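Structure record follows, encoded as structure tokens.
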Amino acid sequence: MDRRTITSKRTLATCYCVALIAGLLCGGQSQGAEWPHFRGPGYDGNSPDGQIAGDGVTEVWSTGVDNGSCSVTIVDGKLFTMGNDKGSEHVVCLDAATGEEIWRFAYKCDLNPRLYPGGPNATPTIVDGHVYTISRVGQIFCLDAADGKKRWEASAEQWKAKGGWWGFSGSATVVGGLVVFNVGEKGLALEKATGKTVWSSEKPAKAYATVVPLLDHVFDRPALVVQTATNIHFVDPRSGEPVFTESADWRTRVSNCNGVTPRWYDGSLYVLHAKFGLSKLALSADNGSEEWLCEAANFGRDDWFAFNQEVYHDGYALANISGTKREGVLVCVDVASGEVEWEKPTEFGNLLLAGDTLVKLSQMGELSWGTLDGGKYEERQRIKPLEGDRSREGKGLYWPYPVLVDGHLYAKTTKGHLTCLKFE
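Going by the numbering used here, the first residue of the sequence shown is number 623, and it counts up by one from there.
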């Protein structure tokens, strides 16, 4: 495979408590330069890398993994992702260094393309040598990370929401001895070792975000954040019982693609709602309250495409929202006040952090990075190493969340074109 250098003049009982206290945010996660679940080790889009050196990238390898908007995970030098080829879906494990396939686990699942090529949306989660996945129709699998052999399977299909176009999209979250999914109105918890149901929801709900664990001190007990299209549920992972529910007036502004995962940052919870904007919630005891709402940080008419995550740095939130013509806007919000610090037109895409470096990959494959300092951003480089394509015959768009590990960027399109780039 040719190597190209491109440069430019730019993670049921009381027995779970011990494990929860030891590591709600880091328990069961791999250490070092790894990316074990959606959005990385801290569920926040922060790369384990420090800063980015160099002014260009080299293509190390590229391959095809078929249709799907799921991202990738990387543990022990192995890359895990999913794809769908005309109704045959698979979980695939590749050598992260070479792109060579190590194993593949396949099953039947409809492609179901709606406004995009279709396929799986949830990213594999890797914990203690096991891979946890969910298909868009609710097929749940636990596989051996070494060889792809099935350990157990379960189903969430009974909680399929009417009108939920995108299917089950939240990735698995492992908390102590549980694996939890954003399924139904308040989630679904299975025994990590067996797949047996520990607790579940009574009703279905449109829900696309990944479940986020909170540290014990927030409510003086463990809690999970389960966000649906209409509510944010705070749930005790040991029992599934609610701590409290934040509704605000979301029911009047329901979005069919409210897929941005909530983010715990510096003592508060932040929620980027497709129609609402960016909201800051103060949580304490058994309740919470909204401190502010920044309506400028919403997805406007393009709320169908509200899935790309914001990042936080030095007291500021940065979000790449879509504009009315999908050209995109990069918005910087002061998290103390909720005021917009600045906004810049930019192509719609995803954001990552590597130390003080903000990395952006646009849907069309443009890569840029620069330095953040006290709310200010200075772009250092902008290049076009990849080619996104929205045509029926093209490679697809770079909507899946990119991953940055060990100086390598892993970028995937909606049609499964996966590329590894090295910064140098």
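Every residue, glycine too, gets a C-beta built ideally from N, C-alpha and C.
Just so it is clear, the structure is predicted and the values come from calculations on it, not from any experiment.
Can you tell me whether E1000 is helix, strand or coil according to DSSP?
The answer is strand: DSSP assigns E1000 an E or B state.
Unbroken beta strand (DSSP E) run spanning A1033, endpoints:
Secondary structure note for A1033: its beta strand (DSSP E) is the uninterrupted segment H1030 to K1034.
Provide the residue span of the beta strand (DSSP E) that contains V933, from first to last.
Here the beta strand (DSSP E) through V933 covers V933 to H935.
Cβ neighbour criterion (16 or more within 10 Å) applied to L737
By the neighbour-count rule (16 or more Cβ atoms within 10 Å), L737 is not buried but exposed.
Keeping to the same chain, check which residues put their C-beta closer than 6 angstroms to that of A907; ignore five residues upstream and five downstream.
For A907, there are no CB contacts under 6 angstroms within the same chain when 5 residues up- and downstream are skipped.
Bridge partners - P864, DSSP secondary structure assignment:
Per the DSSP secondary-structure output, P864 pairs in a beta bridge with V857.
Alpha-carbon spacing of A976 relative to H895, whole angstroms:
Cα to Cα, A976 sits roughly 25 angstroms from H895.
Run through DSSP, which three-state label would H839 get?
Helix, per DSSP.
Note down, in chain order, each residue of its chain lying with its Cβ closer than 6 angstroms to the Cβ of D688, except the 5 sequence neighbours on either side.
So the qualifying residues of the chain are G705, N706, D707 and G1038.
In three-state DSSP terms, what is W683?
In the structure shown, the three-state DSSP call for W683 is strand.
S911 - partner residues in DSSP beta bridges:
Looking at the DSSP assignment, S911 forms a beta bridge with A904.
Considering only C-alpha positions, which residue in the set S1013, V713 and R1002 is nearest to C692?
Closest by C-alpha distance to C692, out of S1013, V713 and R1002, is V713.
Opposite G971 in the DSSP bridges: which residues?
In the DSSP output, where bridge partners are listed per residue, G971 has S984.
To which residues of the same chain is G992 closer than 8 angstroms at the C-beta, ignoring the five residues directly before and after it?
Result list for G992: T979, L980, Y999, E1000, E1001, R1002 and Q1003, in chain order.
Just the C-alpha distance for P1007 and E824, rounded to the nearest angstrom, thanks.
One C-alpha to the other measures close to 47 angstroms.
Under the rule that 16 or more other beta-carbon atoms within 10 Å means buried, what is R1014, buried or exposed?
The residue in question, R1014, is exposed, as its Cβ has fewer than 16 Cβ neighbours within 10 Å.
Would you mind giving the Cβ-Cβ distance between V833 and V848, rounded to the nearest angstrom? I have them listed as a contact below 8 angstroms.
Under the criterion of beta carbons closer than 8 angstroms, V833 and V848 qualify as touching, at roughly 5 angstroms.
Taking all protein chains shown into account, do 16 or more other C-beta atoms lie within 10 angstroms of the C-beta of N920, making it buried, or fewer, making it exposed?
Buried, by the Cβ-count rule.
Apart from the five residues just before and just after R843, which ones in its own chain have a Cβ nearer than 7 angstroms to its Cβ?
Around R843: D858.
Taking all protein chains shown into account, decide if H1064 is buried (16 or more other Cβ within 10 angstroms of its Cβ) or exposed.
With the chain running from 623 to 1046 in the structure shown, residue 1064 is simply not present.
Can you have a look at N909 and say buried or exposed, based on whether 16 or more other CB atoms are within 10 angstroms of its CB?
Under the 10 Å beta carbon count, N909 is surrounded by fewer than 16 other beta carbons and is classified as exposed.
Distance CB(K902)-CB(E917) smaller than 8 angstroms:
No, they are not a contact pair.
Exposed or buried, what is G799 when buried is set at 16 or more other beta-carbons lying within 10 Å of its beta-carbon?
Looking at its Cβ environment, which holds 16 or more other Cβ atoms inside 10 Å, G799 is buried.
Nearest neighbour of G678, chosen from V1025, L989 and A719 [CA to CA]:
Check the Cα spacing between G678 and each of V1025, L989 and A719: the tightest is with L989.
Does A675 come within less than 8 angstroms of chain D when only Cβ atoms are used?
This model lacks chain D altogether; it includes just one protein chain.
Thinking C-alpha only, which one of L973, E807, V753 and N880 is nearest N668?
Out of L973, E807, V753 and N880, the CA that lies nearest to the CA of N668 is found in L973.
Would you give the residue range spanned by the beta strand (DSSP E) that V697 belongs to?
For V697, the enclosing beta strand (DSSP E) has its first and last residue at T695 to V697.
Sheet register partners of K772 (DSSP bridge):
According to DSSP, K772 bridges with L765.
Burial state of G806 (16 or more Cβ within 10 Å):
If you draw a 10 Å sphere on the C-beta of G806, you find 16 or more other C-beta atoms in it, and that means buried.
Use the C-beta contact count for G654: other C-beta atoms within 10 angstroms, 16 or more gives buried, fewer gives exposed.
Residue placement at G654 is poorly supported in this model, since its pLDDT is 48, which falls under 50; the coordinates still yield a value, given next. Burial call: exposed.
Just list the residues that DSSP pairs F702 with in beta bridges.
Residue pairing by DSSP places F702 opposite T695 and C715 in a beta bridge.
Is DSSP giving W787 helix, strand or coil here?
In the three-state scheme derived from DSSP, where H, G and I count as helix and E and B as strand, W787 is classed as coil.
Residue from P742, G740, F763 and R758 whose Cα sits closest to the Cα of I748:
The candidate whose alpha carbon is nearest that of I748 is F763.
Can you list, in chain order, the residues of its chain with a C-beta nearer than 7 angstroms to that of L1026? Leave out the 5 residues immediately preceding and following it.
Once the five neighbours on either side are set aside, the close Cβ partners of L1026 are S669, D671, L974, A976 and V981.
Report the three-state DSSP secondary structure of E963 (helix, strand or coil).
Secondary structure at E963: strand, using DSSP grouped into helix, strand and coil.
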